[in-house]
Structure formats: C-alpha cells, structure tokens
Amino acid sequence: MSMRYPAGFIRPGYDPLKNPDAPTIGALSNSGATSLSITFTAPTNVGGSAITAYYVTATDSSNGTQFTATGSSSPISITGLTTGNTYTAQVFALNSFGPSVISAVSNSAVPASIQGQQAYTTPGTYSWVAPSGVTAVSVVAVGGGGKGVNPTNGGGGGGLRYRNNSAVTPGNSYTVVVGARGLSTGGSGGNSSFDGTTIAAFGGGGGNGSTNVTGGTGTAIGGAVGGGNGGNGGLVDTYRGAGAGAGGYSGAGGNGASGSGSGATAGAGGGGGGGTGQSGAGGGGVGLLGQGTNGAIGNPQGFGGSGGAQAAGNNGGAYGGGAGEGNNPGVGAVRIIWPGDTRQFPSTNTGNV
C-alpha cells in the first residue's frame, strides 16, 4: 500500500517553483521493540520557500495500517509499531506552499528488541551512554576483594549484587564505578556501582588483626535485587588464614579456612573459599554471565564460581576473590546487558550476544 497524505494536506498540483521535490528515501532500520528509524536525503530543490518539516509514514505490510511521524531532518523515528511485524516507509517534505511528491518506498524492516552488553573490568569511573532504542538494562556489580594481613588473616571476598529491568533513557549518560582490589595490608576492596544509586556491590574487607575479615555486602536502592555477600576471610590459627570467595548469584561466597586444610565453605554461585597450608591460599572469583556452577572449596586455592576464575596461589580470583597472606585480591567489575525486560540475572539469557 502506498503512503497517503495525512488529513488536512491539500495538493491540487505540483509546482516546482513552489513545492519542494521529493526527498530521496534511505534505509529503514530497527531502533527498538516497537520502533523503526528512516534515513533520507533532503531534496536539492526546496521550491518557493524553505522546508519546514518532513513527514514519514510506516506501513504495516500485513494489514496496511499506517503510522506517521514528523521531524526537521533525517533520521526520523516511527514509534508505536508492532514487534515482529514487517514495515516499509515513505517520506515527503513540506514548505509554506504545500507538500512535495511522496518518495519511493523504502526497504522492509522489522521492529525488535535490541540486544547488547558492556562490561567494565578495570578499576575506575566510567560514563556509559544508553544506546538508541534501549530503555531498560539489567546490571551485575562485583566489589573488589579484600587483602589479608601478612602473615595472618585472609581477606574477605567482594560482594555481588544484580538488578534487573532498570529504566534508562536512550542517549543519557550513566556513571559506572569499578572497585579496585584492596592494596594496602588489611585493605578493603573498592565498591562497584552503576549510576551510583541504583545498584552497588561493596568490596570485601581485608584482614586486620583478629577482626574485619568479613566479606563485602551488597546494597541496592529502587527495586528488587539479588546476589550474595562475599565470604569471610580465614583467621590466623596454627596456619595463616585463607582468602574468601566472591559473592554469588544465589548466596554468599565461600569462607576461607582458618586452619589447615580446605576452605570452610563452598560458594553459592560464587567463588569457593581458599584452603591453608603453611601460607593461606586465595579465594575464588565470580563471573559476570549469570548463575552457574558453585565455587568448590579450595585445597588449597578456592575455585571460581559461575564462570569466575580459580585463585592463583595466594592471590584472589577474578572477580572479587579475597587474597590470602596479604597478596593481591581480585578486582571488581560491572556488566550491563539489554534489553532489561528479557535479559535478566541470575540466569535468564545473560550470555554474550
């Protein structure tokens, strides 16, 4: 079906000295679950006065229903469409003398949800800009692991929190913070966050004498969230305390061992706790792709949970593993996925696309 002029547009005849020429149609492309975007080239001949607007109509190929949008330049977005239906588009220009001839018909296009992701795995502060057509995201944040006291207690694991279907505005910028590993002896890992207020995972606390080896806790504001706290670092005993696992998607990370042998507990979707020998081993980390295998108890190093890395020696695994014997814990991380209404943590379609 060809485009119809909207009601109220009267065009008795085309006069190239008054009416503009038709725009040259460009590409019709997907811009969201219920929208398409059309590009076009403005006509060289604008007629007797400047072009004041462009009108574009998308036609549903299945039933002929037409949807009209206006704009001052290319591209123009047409909204309110039906997801999965096929559309074509046409455009005309308007000046003070009236409309141009209607353009040729565009290619066919289908509105559909836009899928994508962005991961931040290096400590620092970043600006994430919501892509065109993306109105909701799901986010997971893992805090940096804690550094134990050398040669006594192990460091706590970084906490994990996720939040699904968080509203964003296309084109707007949002702040992402990735927590650093605890660097000073007994130092706490840094907090990781998305937009500062919507989701935050707090880094694990480093060992400090006989106190402050607890894992990081997670907090969030403004919606339902999930995820677990970091495990607790092992205390000095006859042997040096081991690092703890990072928080999991379904519960806390594993605790580090306080005596000889394996870690105290396994992680629930997160990293397993490290074991001890003459020196405390590191705790396992956690991955960013949603719920997976629980991190096994380490003997000596803690195993990674949900795709996270196993600890290496006394160092904590990525992401968020606590360190043993004062070595390097795992750093924090933030991962953003979209669309937020269908790609949701802990395990619903959260892999790379």
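For what it's worth, my numbering labels the leading residue of the sequence shown as 3, then goes sequentially.
C-beta atoms are modelled at their ideal positions from N, C-alpha and C, and glycine is treated no differently.
Problem set entry | DSSP three-state assignment for Arg6, whether helix, strand or coil | To locate residue 6, count along the sequence shown from 1; it is residue 4. Three-state result, Arg6: coil.
Exercise. How is Ser195 classed by DSSP in three states: helix, strand or coil?
Worked result: In the sequence shown, counting from the first residue as 1, residue 195 sits at position 193. Reduced to three states, the DSSP call for Ser195 is strand.
Problem set entry | Given 8 Å, three or more beta-carbon pairs between the region 72 to 80 and the region 307 to 320 | no
Exercise. Using 8 Å as the Cβ pair cut-off and three pairs as the minimum, do the region 318 to 329 and the region 264 to 281 touch?
Worked result: yes
Exercise. Roughly how many whole angstroms lie between the Cα atoms of Lys20 and Asn47?
Worked result: On the sequence shown, position 18 is the one that residue 20 refers to. On the sequence shown, position 45 is the one that residue 47 refers to. Lys20 and Asn47: Cα-Cα distance of roughly 10 Å.
For this session: State the beta-bridge partners of Tyr89 as determined by DSSP.
Result: Residue 89 sits at position 87 when you count from the first residue of the sequence shown. Asp62 and Ala111, per the DSSP bridge assignment.
Exercise. When the Cα of Ser349 is compared with those of Gly228, Ala52, Thr171 and Val178, which residue comes out closest?
Worked result: Along the sequence shown, one-based indexing puts residue 349 at 347. The shortest Cα separation from Ser349 among Gly228, Ala52, Thr171 and Val178 belongs to Gly228.
Exercise. Excluding the five sequence neighbours on either side, which residues of its own chain have a C-beta within less than 6 Å of the C-beta of Gly2, listed in chain order?
Worked result: Outside the displayed range of the chain (3 to 355) lies residue 2, so it cannot be described from this structure.
For this session: Tell me, to the nearest whole angstrom, how far the beta carbon of Gly292 is from that of Gly161; I am working on the premise that it is less than 8 Å.
Result: Within the sequence shown, the letter at position 290 stands for residue 292. Within the sequence shown, the letter at position 159 stands for residue 161. Actually they are not in contact, since the Cβ atoms of Gly292 and Gly161 sit about 17 Å apart, beyond 8 Å.
Exercise. Is there contact between the region 123 to 139 and the region 26 to 45, where contact requires at least three CB pairs shorter than 8 Å?
Worked result: yes
Problem set entry | Counted within 10 angstroms of its Cβ, other Cβ atoms place Pro302 as buried (16 or more) or exposed | As a working mapping, residue 302 is identified with position 300 in the sequence shown. Buried, since its Cβ has 16 or more Cβ neighbours within 10 Å.
For this session: Return the residue from the list Ser76, Thr88 and Ile116 that minimises the CA-CA distance to Thr344.
Result: Counted from its first residue, the sequence shown places residue 344 at position 342. Selected option, being the one with the closest Cα: Ile116.
For this session: Work out the CA separation of Gly15 and Thr85 for me, nearest whole Å.
Result: Residue 85 sits at position 83 when you count from the first residue of the sequence shown. Residue 15 sits at position 13 when you count from the first residue of the sequence shown. Near 38 Å, if we compare the C-alpha coordinates of Gly15 and Thr85.
For this session: Spell out a yes or no on whether the region 108 to 115 and the region 64 to 72 are touching, meaning 3 or more CB-CB pairs, one atom from each, closer than 8 Å.
Result: no
Exercise. Got a sec? Which residues, its chain only, sit under 7 Å from Gly287 by beta carbon, not counting five neighbours each side?
Worked result: On the sequence shown, residue 287 is found 285 positions in, with the first residue counted as 1. Here the set comprises Ala248, Gly273, Gly306, Gly310, Ala311, Gly318, Gly319, Ala320, Tyr321, Gly322, Gly323 and Gly332.
Exercise. In angstroms, rounded to a whole number, what distance separates the CA positions of Thr110 and Tyr89?
Worked result: By 1-based counting over the sequence shown, the position of residue 110 is 108. By 1-based counting over the sequence shown, the position of residue 89 is 87. Per the sequence shown, residue 110 should be read as Ser rather than Thr. Near 5 Å, if we compare the C-alpha coordinates of Tyr89 and Ser110.
Exercise. Between which two residues does the beta strand (DSSP E) containing Thr267 stretch?
Worked result: Stepping through the sequence shown from its first residue, residue 267 is reached at position 265. Run containing Thr267: none; DSSP gives neither H nor E here.
Exercise. Can you list, in chain order, the residues of its chain whose CB lies under 7 Å from that of Ser212, leaving out five sequence neighbours each side?
Worked result: As a working note, residue 212 is residue 210 in the sequence shown. Bear in mind that a pLDDT of 47 at Ser212, under 50, signals an unreliable position, so the number given afterwards is only what the model happens to contain. So the list reads Leu237, once near-sequence residues are dropped.
Exercise. What number of angstroms, rounded off, separates the C-alpha of Gln202 from the C-alpha of Asn193?
Worked result: Looking up residue 202 in the sequence shown gives position 200. Looking up residue 193 in the sequence shown gives position 191. Note on identity: in this sequence residue 202 is Ala, with Gln being the wrong assignment. Cα to Cα, the separation comes out at about 7 Å.
For this session: Can you check the region 132 to 201 for any beta strand (DSSP E) of at least 3 residues that lies completely inside it and give the ranges in chain order?
Result: 138 to 144, 162 to 169, 175 to 180 and 194 to 196
Exercise. For the region 28 to 52, which segments carrying the beta strand (DSSP E) assignment without a break, of at least 3 residues, lie completely within its bounds, in sequence order?
Worked result: 37 to 43
Exercise. By a C-beta neighbour count over all protein chains shown, 10 Å radius and 16 as the cutoff for buried, is Thr278 buried or exposed?
Worked result: Within the sequence shown, the letter at position 276 stands for residue 278. Label assigned to Thr278: buried.
Exercise. Leu291 by DSSP, collapsed to three states: which one?
Worked result: Here residue 291 refers to the residue found at position 289 when the sequence shown is read from its first residue. Coil.
For this session: Take the Cβ of Ala52 as the centre, count every other Cβ of all protein chains shown within 10 Å, and call the residue buried at 16 or more, exposed below.
Result: Within the sequence shown, the letter at position 50 stands for residue 52. It counts as exposed.
For this session: Pick helix, strand or coil for Asn97, following the three-state DSSP scheme.
Result: Counting from one through the sequence shown, the residue named residue 97 turns up at place 95. Note: Asn97 maps to strand in three-state DSSP.
For this session: In the DSSP assignment, find the beta strand (DSSP E) that holds Val336 and state where it starts and stops.
Result: Against the sequence shown, residue 336 aligns to sequence position 334. Taken as a continuous stretch (DSSP letters only), the beta strand (DSSP E) holding Val336 covers Ala335 to Trp340.
Problem set entry | Identity of the residue in Ser186, Asp197 and Asn231 nearest Gly205 by Cα | Translated into the one-based positions of the sequence shown, residue 205 becomes position 203. That would be Asn231, whose Cα lies nearest to the Cα of Gly205.
Exercise. Cα separation between Gly207 and Val141?
Worked result: Here the question's residue 207 lines up with position 205 in the sequence shown. Here the question's residue 141 lines up with position 139 in the sequence shown. Between Gly207 and Val141, the C-alpha separation is close to 23 Å.
Problem set entry | DSSP-derived helix/strand/coil call for Ser74 | Residue 74 sits at position 72 when you count from the first residue of the sequence shown. Coil.
Exercise. For Gly309, does the three-state DSSP call read helix, strand or coil?
Worked result: Taking the sequence shown and counting its residues from 1, the one referred to as residue 309 is at position 307. Three-state result, Gly309: coil.
Exercise. Between the Cα of Gly100 and the Cα atoms of Gly300, Asn329, Ala55 and Ala283, which residue gives the shortest distance?
Worked result: Taking the first residue of the sequence shown as position 1, residue 100 is located at position 98. Here the closest residue by C-alpha is Ala55.
For this session: On a CA-only basis, which of Ser175, Ser260, Ala24 and Leu185 is nearest Thr43? Give me that one, please.
Result: On the sequence shown, position 41 is the one that residue 43 refers to. Nearest of Ser175, Ser260, Ala24 and Leu185 to Thr43, Cα basis: Ala24.
Problem set entry | Coil, strand or helix - Ala254 by DSSP | Counting from one through the sequence shown, the residue named residue 254 turns up at place 252. Coil.
Problem set entry | Beta-ladder partner(s) of Asn317, from DSSP | One-based indexing of the sequence shown puts residue 317 at position 315. DSSP output for Asn317 lists Ala314 as bridge partner(s).
For this session: Tell me whether Pro8 is buried or exposed, calling it buried when 16 or more other Cβ atoms sit within 10 Å of its Cβ.
Result: Counting from 1 along the sequence shown, the entry for residue 8 is found at position 6. So Pro8 ends up on the exposed side.
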